[in-house]
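Chemist: Chains as they are written, first to last, in the numbering used here: chain P, 42 to 160; chain U, 42 to 160.
We treat Cβ as the ideally placed atom computed from N, Cα and C, and that holds for glycine.
First the structure, then my questions, so here it is.
Protein chains: 2
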Amino acid sequence: MNSAAPPLNLQTYSAMDCPVHGLVTILSGPWTTYILWLLRQRGPMRFGQLKKQMPAISAKVLTERLRLLEQTGILDRHQEATIPPKVTYSLTGRGQELHGALDALDALALKWSGRTAWA
Amino acid sequence: MNSAAPPLNLQTYSAMDCPVHGLVTILSGPWTTYILWLLRQRGPMRFGQLKKQMPAISAKVLTERLRLLEQTGILDRHQEATIPPKVTYSLTGRGQELHGALDALDALALKWSGRTAWA
DNA sequence: GAAACTGGTTACTTTAAGGTACCTACTTGC
DNA sequence: GCAAGTAGGTACCTTAAAGTAACCAGTTTC
Numbered sequence: 042m043n044s045a046a047p048p049l050n051l052q053t054y055s056a057m058d059c060p061v062h063g064l065v066t067i068l069s070g071p072w073t074t075y076i077l078w079l080l081r082q083r084g085p086m087r088f089g090q091l092k093k094q095m096p097a098i099s100a101k102v103l104t105e106r107l108r109l110l111e112q113t114g115i116l117d118r119h120q121e122a123t124i125p126p127k128v129t130y131s132l133t134g135r136g137q138e139l140h141g142a143l144d145a146l147d148a149l150a151l152k153w154s155g156r157t158a159w160a
Numbered sequence: 042m043n044s045a046a047p048p049l050n051l052q053t054y055s056a057m058d059c060p061v062h063g064l065v066t067i068l069s070g071p072w073t074t075y076i077l078w079l080l081r082q083r084g085p086m087r088f089g090q091l092k093k094q095m096p097a098i099s100a101k102v103l104t105e106r107l108r109l110l111e112q113t114g115i116l117d118r119h120q121e122a123t124i125p126p127k128v129t130y131s132l133t134g135r136g137q138e139l140h141g142a143l144d145a146l147d148a149l150a151l152k153w154s155g156r157t158a159w160a
């Protein structure tokens, strides 16, 4: 993070001089932290399983979120060579690392909201 | 963070069941981490000073970001009873706490981007 | 031959967010 | 009397993001 003004749109996050902004921007996409939470709680999940947990999201947006997380190395996408296709998403090592930092934010969020820690 | 699906728009972050999502969503607004970084580096700043550091942002959006950060208790807004008005923004205790967690994300972002830590 | 399955893709429409230009308040200086 | 100062507010326009509906591939089942 330096004094250069950060770029404004999501597509340039990888080129910007402020890596934390890029990472935060990735994480803030609607549903992203929820996807990460689900995969942490339940382990690897298929596209359809994720979709069922989030009926209010369109398949198009879910695909975009998953692709972004895959491209940034936070999720792993594994497709079996079957018809119909069978794709499983799981957290990478980076995804696991990320949870340490997210837990810190989560702890602050919970502390500030006056809630007890979630089980 | 529980299994309930998080709401989608920024305005409901305070009501959602996933506090970390709300916090991350707040932080991801364009320029937000930059504002926080500026205030941390330089101490309290006036609206016009902030604006000068970010010529590409409109006064309208800067105002919205600052208001949001004030409403969530991350920034303090102090207005002197003068004409013309003189408003100074500064980090609250929460804002200071937040930087611990942001530093963890920053460290991950830098590690992943293969960059040396910023001075 | 049609339906179902899965994980998408795509063109078009709708909605949300941001930008722009103008405006506000009151005091001071000229 | 007008301009300047500061920190905004607001209506309207533009742009970006999301939603929708139809579609795709190939195999299996009936």
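1. In angstroms with no decimal places, state the Cα-to-Cα distance between U/Asp117 and U/Arg87.
2. Can you check DSSP and say which residues form a bridge with P/Tyr130?
3. To the nearest angstrom, how far is the alpha carbon of U/Ala97 from that of P/Ser69?
4. Are the beta-carbon atoms of U/Val61 and P/Leu103 separated by less than 8 Å?
5. Mind checking U/Ile115: buried by the 16 CB within 10 Å criterion, or exposed?
6. Flag this pair as touching only if the segment 130 to 138 of chain P and the segment 134 to 145 of chain U have three or more C-beta atom pairs under 8 Å; answer yes or no.
7. Closest to P/Met95 by CA distance: which of P/Leu80, P/Thr129, P/Ser154, P/Trp72 is it?
8. What whole-angstrom Cβ distance do P/Ile67 and P/Leu109 have, given they're in contact under 8 Å?
9. Apply the 10 Å Cβ neighbour rule to P/Ala122 and answer buried if 16 or more other Cβ atoms are within range, or exposed otherwise.
10. So for U/Thr104, helix, strand or coil by DSSP?
11. Could you tell me whether any Cβ in chain U is nearer than 8 Å to the Cβ of P/Thr188?
12. Can you name the residues of chain U whose CB is closer than 7 Å to the CB of P/Ala142?
13. In whole angstroms, what is the alpha-carbon distance linking U/Ala100 and U/Gln90?
14. Mapping DSSP to helix, strand and coil, what is P/Thr74?
Modeler: On the basis of the supplied data:
1. 11 Å
2. P/Met86, P/Arg118
3. 22 Å
4. no
5. buried
6. no
7. P/Trp72
8. 6 Å
9. exposed
10. helix
11. No statement about residue 188 of chain P is possible, as the shown extent of chain P runs from 42 to 160 and does not include it.
12. Ala142, Ala145, Leu146, Leu149
13. 12 Å
14. helix
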